[in-house]
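Here is the structure we will look at.
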Amino acid sequence: MLIFEHSRPGRRNRSQFSTIKAEKQNIPQNLLRKSPMLLPEASEMDVVRHYTRLSQKNFSIDTEFYPLGSCTMKYNPRACNALAMLPQFLARHPLAPEDTGQGFLACMYELQEILKDVTGMAGVSLTPMAGAQGELIGVMMIRAYHEARGDKKRTEIIVPDAAHGTNPATAVMCGYKVVEIATDKEGNVDMAALKAAVGPQTAGLMLTNPSTLGVFEKNVSEMSRIVHDAGGLLYYDGANLNAVLGKVKPGDMGFDVIHINLHKTFSTPHGGGGPGAAPVGVAERLLPYLPVPMVAYEKGVYRWLTEKDVPHTIGRLSAHMGNAGVLLRAYVYVRLLGAKGMNRVSEYATLNANYLMAELSKVGFEIAFPTRRASHEFIVTLKEIKEKTGVTAMNLAKRLLDKGYHAPTTYFPILIPECLLIEPAETESKETLDAFAAAMKEILVEIQEQAEMVKSAPHDMPLRKLDDVKAARELDLTWKP
Amino acid sequence: MLIFEHSRPGRRNRSQFSTIKAEKQNIPQNLLRKSPMLLPEASEMDVVRHYTRLSQKNFSIDTEFYPLGSCTMKYNPRACNALAMLPQFLARHPLAPEDTGQGFLACMYELQEILKDVTGMAGVSLTPMAGAQGELIGVMMIRAYHEARGDKKRTEIIVPDAAHGTNPATAVMCGYKVVEIATDKEGNVDMAALKAAVGPQTAGLMLTNPSTLGVFEKNVSEMSRIVHDAGGLLYYDGANLNAVLGKVKPGDMGFDVIHINLHKTFSTPHGGGGPGAAPVGVAERLLPYLPVPMVAYEKGVYRWLTEKDVPHTIGRLSAHMGNAGVLLRAYVYVRLLGAKGMNRVSEYATLNANYLMAELSKVGFEIAFPTRRASHEFIVTLKEIKEKTGVTAMNLAKRLLDKGYHAPTTYFPILIPECLLIEPAETESKETLDAFAAAMKEILVEIQEQAEMVKSAPHDMPLRKLDDVKAARELDLTWKP
Amino acid sequence: MPFIPHTEEDVKEMLASIGASSIEELFDEIPPDLKTGALTRVPPGMSEMEISRLMLERAQADGFYLSFIGAGAYEHHIPAAVWQITTRGEFYSSYTPYQAEASQGTLQLLYEYQTMMASLTGMDVSNASLYDGATALAEAALMAVRQHKTSRRILVPRTVHPAYRKVLHAIVRNQDIEVVEIPFCPESGQVLLEHLEPFGQEDFAALVIPQPNFFGVLEQVDAMTDWAHKKHSSVIAVVNPMSLAMLVPPGEWGAQGADIAVGEGQPLGIPLSSGGPYFGFMTCKHDLVRQMPGRIIGRTVDLDNKPGFVLTLQAREQHIRRSKATSNICTNQGLMVTAATIYMSLLGPEGLRQVAAQSHANMLQLTEQLEKLPGVKRVYSGSCFHEVTLTLPGPVNEILQALKEQRILGGLNLQEHYPELNNALLVCATETKTADDLNKYSEMLGKILKKYG
Amino acid sequence: MPFIPHTEEDVKEMLASIGASSIEELFDEIPPDLKTGALTRVPPGMSEMEISRLMLERAQADGFYLSFIGAGAYEHHIPAAVWQITTRGEFYSSYTPYQAEASQGTLQLLYEYQTMMASLTGMDVSNASLYDGATALAEAALMAVRQHKTSRRILVPRTVHPAYRKVLHAIVRNQDIEVVEIPFCPESGQVLLEHLEPFGQEDFAALVIPQPNFFGVLEQVDAMTDWAHKKHSSVIAVVNPMSLAMLVPPGEWGAQGADIAVGEGQPLGIPLSSGGPYFGFMTCKHDLVRQMPGRIIGRTVDLDNKPGFVLTLQAREQHIRRSKATSNICTNQGLMVTAATIYMSLLGPEGLRQVAAQSHANMLQLTEQLEKLPGVKRVYSGSCFHEVTLTLPGPVNEILQALKEQRILGGLNLQEHYPELNNALLVCATETKTADDLNKYSEMLGKILKKYG
Ligand SMILES: Cc1ncc(COP(=O)(O)O)c(C=O)c1O
Ligand SMILES: Cc1ncc(COP(=O)(O)O)c(C=O)c1O
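Those protein sequence lines, which keep their order, are chains A, B, C and D.
Note that the UniProt record's numbering has the first sequence beginning at 1, numbered continuously upward.
Note that the UniProt record's numbering has the second sequence beginning at 1, numbered continuously upward.
Note that the UniProt record's numbering has the third sequence beginning at 1, numbered continuously upward.
Note that the UniProt record's numbering has the fourth sequence beginning at 1, numbered continuously upward.
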């Protein structure tokens, strides 16, 4: 039932109504709204009941194991939520004077400093509101750098074919042409392809490392040399930072710019689709271009750095300072973990991934890169299974839902056929991984014995498989009374 | 799975651990604990996941219609929770000086005053922590009153047979003998029985009005006269105040003492079994005996009234002031409603009950007192159905669970065979009542067509009918590793 | 109308179905002379926005203090997860789990709670809560009297929390139960066998043993327990559950262990909030389970033999047994127990032990610092857990007032409850206090005491 | 290790299964010279208790102010239910609903949100959020350019929020899109047709129309819309969603309505929290739906023909279309939209209308009171919604500083953004302001202005 179906004309939720009638009114008649608003007229209880029950229809980290590759679905500590929502923090206006927000600004400044250490970069700006915006800002800085040097012939960004879709999309939003390069059999970027692609037209290379194939790019130093030698810059997509946190610093690998998905590595919640936060870090030469505002600490006082302080900034990418509340959550998280805790994140994320890879392999699943270590994620391919039984990665994914597990990422990276990208994250216990491996094994047996049943999964969810094609063909995007 | 089954020896939830080692220790060896504690060793995520999932196994007001007679399951406004949990209120120590809690005390004082108005009583004490404790305190005051007058021969408390179990249990806890009197065919107290029971040995009468039979005691004034004439006092069990709020004041009916279940009429949450709060109100002559502490307002300052101020008090019934946080929620609730809103509560609770009674009667259910108005609740009896089909009130109750409704109260009051006590509460909409009536009608058909199916309900819950007898016979009250 | 969903049309249709012409008509069985209800002293309704502003302002006016008051209610850190989960609608807005199949969440949680509390206290069984620590003691006394059958005397040391003694007295008095107060040793702050002996000449139903006692001092629980058992009486332990992470649990006191353990559950994840809601816990030996008041949850199976949980032994309770029930208690403190269960699960045995150990260490550290101030001394020689009784070189109320002006609540003046204790202050330090906090307190007190030097 | 559940034994068993001798060995594919990770400037870990204390102290240091700042972020009362439900784990900790069958909660909510936003703005379709109002404007400009095909010019009045113009500029600049700024009438504070005319000689892809504009003033939206449409260009409305409870929605502007409506969703139940997270909304006419960036949810059926919801039109998005996507956006602001949906449901049409009306009335009342002070005048003659531009008789920063000392934030100094506006202050009053608040402001300002009299 939709919330609108709980609505009755004239029903009122009085406790949200003003007790004083607004007397004064001075809006020209022709600007006054005449048409009704399609908002529900419902009681507070009906609204609470409706959305409480809706919430129960979701899988979530707080209720299920969620091994969604590339997404780093780790536990979101409840303290981060509670402390970011302290009433004074919530009440603070973005344009309130700096001296009314020294407590808040202190957190932001310290987070900037911590992220410099984590990334090995010279400067950090907190403003990007998600990974894709971090990428946009990063590539904008690359462009600003070339332009400032009068280097206008650089029109291409190189992107490996395993890259996340946001990488090529971002390059295009920055006015670049995208040059895709292939992956070799071991899951590394094909060095020959890279060499062939690089040239004076190369503005930069966007790289995810460990890559979305779940392996560490072995030749990263060499790649960095090649691109830099050609005058291009290196962009580090930090979505997978959880795999190397406290082990490797992107700055040390020669990267010029990085974004970090705090909603992955720093465990701010995904919220069913956001909000995120993806600070960007840069090496020395890109410092002048960082987006504003940033926070400075001078003579015991925190203040915003604006266009005046950073005259060559690429500018503002958000009406205010970005997703402050998300940044506060990340700040609390990093303070809870501390340096040692951060180090351990990558260790246990990697342990969990390699263990689960080993167990699934033993159970009989085909691993996409069986000779490689898993980073914090790894790929299972159902290519052979599909050929033999017709069961697809998506079928298996849906069957996992029946067994109380969220499905891994399916069909990404696109170059691996029938793939499942599995990322268990460090917050899951061995028991959970064992139970998941057991469920996967059960499904393997089911595929052999009752392939049709698996193909029509899910069976034990409130709804069966949904018709995507109908959804796209007969668009129904809003409810009509 | 129990939380203990998520436990692994040596697992640590570090963020709850001190970062400094406690060095000093000075406890004699023989007093130091050596035996292990059976608490789970689990990660924060496992605990959050476990209890989040457990919570989803409950029915609740926030998720289902809960027509539980005598319990007044109405919507618990979320603002009451938020405002009672403001950090300063939560942090305040009960023994902190009064001048550090003037804001809190103001709420308590105003609540006292409001409850005086609501009950028509001369004085109110907020300390009782639930209805049964309110009763205990009330009857203690009755006893103190008689004792103060040297009237020691009063050894009996009269209780109608329809009364809630706490009434007789309370009387006994106060050292009284319980005299039960019968109910007439119309659901009123049998006046002849009352007259026969009353005498110089009568300490008082405990009455619920509207009674637990869902009707208003028509002869209440007469009853009051009879008991008072015999030198007894009148106790008003305010559990059903929701039915007459703002219509009738117990004080005006001649009652000497009352308790009000704030967790019913004032919509503080039931919390799966409490906490409640049940302030007591008294007429003039019982004022000296009210339990302490109470709040006074003098010269612009709020302060506690203690034994010094109320020398004849029956004393303290709680280590501190009672369930302060529940009282705060009730205070917010009453301020949201205001005088008019309170009036309307009883009107719409009564409307809902009479409407549902009419609808269920039309559908074919037998109403226990068909000639009477329903108060805020009413009784359906399955006596005939049971005789014909063997289906019991409990069977029907369980079948309702399958249909997404919490069951009404069953087998109470005990004098009505196979009864369902149904209280819809004012916060439910007509649509919900209609849907409930339709579900009841469906079950009626099912009883006729597939009685065995109904007898073995529930069928669509995660568990089928549970074995109470085994539970009591083979006591398993704690988990053993 | 806040929280009333009816539209005018709804009302019309509903009245038509009932066959009444107005809502007022539905009240026609109430004698007209009784309809005097109009509320005149209830203020008009406020919007949520308005009441939020009012409550915020009041809360801010009350503010925060650095508090060293304990005396039965203790400030501990409460993990953020505890109340975020506890206030989920499914726990917050559900009723007592009478319909087991629709209440497995609450029921299983309570079963887990019973397991934890039984283990923490070293007893066999636990109920699912009573109102608070003080009423739990009273219920325990009633239990002991029912069990003993011949004596109605209860021995209660004066080292038991004064408010608990008051509540005990108020409740049991009406059942002709005699509460006898036992003196204590003014040097050690403990009850010694020599204090007990004179009261053991006559039969008694139970001896109450507080651990730690109201002065923060640890009693000689083994000796006391054995003494009472030798007299064929029960032992009722009144314990701080947090202390049990360090101290021998009541179930192991003396040769046989205490018979009943009760106490205030507040330290286990419940905010101080001006005194409540907290919860009383009660655990006991197996043979007393049928005497226990309150809800008890048992594990059983469903028709398919799947494990599940139900309210059990309901025949003890008022809704079944009525005037013969073990107690009149009905609504208890379920939501508080929900929080406590989550709290204990989040801390685990080692976490709980650390909180206790850090509290104890902070108390020792603070005592050491304060004792360096001229005129400040420990009153009692007995070991303490996280609270200590000190004498000050001046009038306690005046000194507390001066501390309060520095936003420090220095402790509880004991004179009100123990007139013989002149200038005595009960001070508590839990794990929430940092070294800075302790320094702040001792420095401030040092400054204030100069005046009395 | 916070949030890592592994016991030593677990680690041993897991390594054995992998066939590695240590965790470090799992990193053996990383060239050793790159392993330089040790974090030296990250402080040691804190317990939850410690960080809670720190954050509480920082929050208290920041405190509360009586604020009259608006300028794109507005203080409204947020019902308590909104965030209590929004932060339920099932919403808070779930991912983008790629697996529809396991995400019906989020998906249905988003479908409801789309319905509400489409109706509020008077448009056909809505996406499920963008980052914020400013980036939504930039995305709309890109959409309009894609749609127009020949022109890459966007006309943007200077009455549009300055930060939005900056963001727009930063984003579209790299795609060779020209942003042309349109002046406004210094008397009315509006863009008049005479200001537009000169810019209409050349083709342009879209005209941006803010309503209300940055000065709080209502633009003549009908005339502007018709003008742009006559030039075969699109109209992009930038609206405050709260104002739409009173004002004609963009879908009804002029003869055909705006083509795209965007704006900042923050007024719909999102706390101010220093600037974010908020959310950008975007609605448009049906024929533009395939140009829209971001997630879109559609209703469909399952194998049994039961209704359900899925992400749809994913072929527009980066994860399918990659370099040819309508935008690079991936993670958006889902949880904020969850809150906004619950907020709108709790208020309903009448509640929202009342909030808007009360805000408007408060602005008028405040303006009236302030205009009585010597030297205080409205700068523009155009009608306002809940914000107004005033001139003060002295330097704004100095006066704001004096107000701040009384814990009042008096508004935004406009000079930084509009150098020509001397001593101009942008003041906002929402429904949260009581008569007392307005009086306090005008009295304090009166006192302060004496100095400049
Ligand atoms: C490898 C990679 N890069 C970039 C992104 C984009 O990040 P966001 O979704 O925060 O925009 C993702 C997110 O899924 C990702 O996995
Ligand atoms: C009629 C009646 N009286 C008394 C009580 C006892 O109240 P409490 O459960 O708060 O102790 C109840 C509660 O169910 C009741 O319904």
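Note that CB positions come from ideal geometry on N, CA and C, so glycine has one too.
Because the structure is a prediction, the values reported are computed rather than measured.
**Study point:** Straight-line gap, B/A197 to B/D190 (C-alpha atoms, nearest Å)
**Key:** Taking the straight line from one Cα to the other gives about 11 Å.
Check your understanding: In terms of DSSP beta bridges, what is D/D302 paired with?
Key -> Answer by DSSP bridge pairing, in chain order: A/L466.
Practice item. State the CB to CB distance for the pair D/L39 and A/N343, rounded to an integer number of angstroms; the pair is presumed to be in contact (CB under 8 Å). Key: Rounded, the Cβ-Cβ distance is 7 Å, consistent with contact.
Practice item. Would you identify the three-state DSSP class for residue 478 of chain C, choosing helix, strand or coil? Key: Not covered by the structure: residue 478 of chain C. The range shown for chain C is 1 to 453.
Check your understanding: In chain order, which continuous runs of the alpha helix (DSSP H) of length 4 or greater are located wholly inside the UniProt domain "Aminotransferase class V" (151-271) of chain A?
Key -> Qualifying alpha helix (DSSP H) stretches, in chain order: 166-173, 191-197, 220-229, 262-265.
Point to revise | Contacting residues, own chain, Cβ-Cβ under 7 Å from A/G404 (five flanking each side not counted) | key: Closer than 7 Å at the Cβ level, and outside the excluded window around A/G404, lie E64.
Review point. Does any C-beta atom of chain B lie closer than 7 Å to the C-beta of A/T268?
Key: So no, A/T268 is outside the interface.
Practice item. Using a Cβ cut-off of 7 Å (strictly closer), state whether B/G214 contacts chain C. Key: B/G214 has a beta carbon lying at 7 Å or more from every beta carbon in chain C.
**Study point:** Start-end ranges of the beta strand (DSSP E) lying completely within the segment 90-176 of chain C, minimum 3 residues
**Key:** As far as the segment 90-176 of chain C is concerned, its whole beta strand (DSSP E) runs of at least 3 residues are 153-157.
Check your understanding: In the DSSP assignment, what are the bridge partners of B/Q25?
Key -> Answer is none; B/Q25 lacks a bridge partner.
**Study point:** Which of helix, strand or coil DSSP assigns to B/T409
**Key:** In this structure, B/T409 counts as strand in the three-state DSSP scheme.
Check your understanding: Quick one: which chain B residues come within Cβ less than 8 Å of C/I51?
Key -> In chain order: A79, L83, V332, R335, L336.
**Study point:** Under 8 Å by beta carbon: chain A residues contacting B/R53
**Key:** Going along chain A in sequence order, the residues near B/R53 (Cβ under 8 Å) are T63.
Check your understanding: Do D/P122 and ligand 1 come close, with the Cβ less than 6 Å from some heavy atom?
Key -> With the sequence shown as reference, residue 122 of chain D is identified as Gly, and Pro is not the correct amino acid for it. Not under cutoff, so the answer is no.
Practice item. Please indicate yes or no: does the CB of A/A437 lie closer than 6 Å to some heavy atom of ligand 1? Key: A distance criterion of 6 Å places the beta-carbon of A/A437 beyond contact range of ligand 1, judged by its closest non-hydrogen atom.
Check your understanding: Regarding A/C107 and ligand 2, is the C-beta to nearest heavy atom distance less than 6 Å?
Key -> In this structure, ligand 2 has no non-hydrogen atom nearer than 6 Å to the beta-carbon of A/C107.
**Study point:** Under the three-state DSSP convention, the category B/R303 falls into
**Key:** Residue state, collapsed to three classes: strand.
Check your understanding: Buried or exposed: A/G364, going by 16 or more other Cβ atoms within 10 Å of its Cβ?
Key -> Exposed, since its Cβ has fewer than 16 Cβ neighbours within 10 Å.
Point to revise | C/H77 CB to nearest heavy atom of ligand 2 below 6 Å | key: Not so, every heavy atom of ligand 2 lies at least 6 Å from the Cβ.
Check your understanding: Can a CB atom of chain C be found closer than 7 Å to the CB of D/H77?
Key -> D/H77 counts as touching chain C.
Review point. Any heavy atom of ligand 1 within a distance shorter than 6 Å of the CB on A/A132?
Key: A/A132 has its CB nearer than 6 Å to a heavy atom of ligand 1.
Check your understanding: Just how far apart, CA to CA, sit C/C428 and C/T87?
Key -> Cα-Cα distance, rounded: 29 Å.
Point to revise | Beta-carbon proximity of A/V454 to A/R372, cut-off 7 Å | key: No, the pair does not count as a contact, with Cβ atoms beyond the cut-off.
Point to revise | Run of the beta strand (DSSP E) containing D/Q211, from where it starts to where it stops | key: Element bounds for D/Q211: 206-211.
Check your understanding: How about residue 510 of chain A and A/T127: are their beta carbons less than 7 Å apart?
Key -> Since the first residue shown for chain A is 1 and the last is 481, residue 510 of chain A is missing from the structure and cannot be characterised.
Check your understanding: What are the uninterrupted segments assigned as beta strand (DSSP E) that are 3 or more residues long and contained completely in the segment 370-398 of chain B, given in chain order?
Key -> Entirely contained in the segment 370-398 of chain B, the beta strand (DSSP E) runs reaching 3 residues are, in chain order, 378-381.
Check your understanding: Since residue 454 of chain D is in the beta strand (DSSP E), which residue starts that stretch and which ends it?
Key -> Limits of chain D in this structure are 1 at one end and 453 at the other, which puts residue 454 of chain D out of reach.
**Study point:** Candidates C/L400, C/I260, C/A138, of which the one nearest C/G122 by Cα
**Key:** C/G122 has its Cα closest to that of C/I260, out of C/L400, C/I260, C/A138.
Review point. Is the segment 57-71 of chain C touching the segment 248-257 of chain B in the sense that three or more CB pairs, one from each, lie closer than 8 Å?
Key: No, the segment 248-257 of chain B is not in contact with the segment 57-71 of chain C.
Check your understanding: For C/T331, which option in B/P275, B/P311, B/A171 has the closest C-alpha, if you only look at C-alpha atoms?
Key -> Measuring from the Cα of C/T331, the nearest candidate turns out to be B/P275.
Point to revise | B/R473, buried or exposed, once every other Cβ within 10 Å from all chains shown has been counted against 16 | key: It is exposed - the Cβ of B/R473 has fewer than 16 other Cβ atoms within 10 Å.
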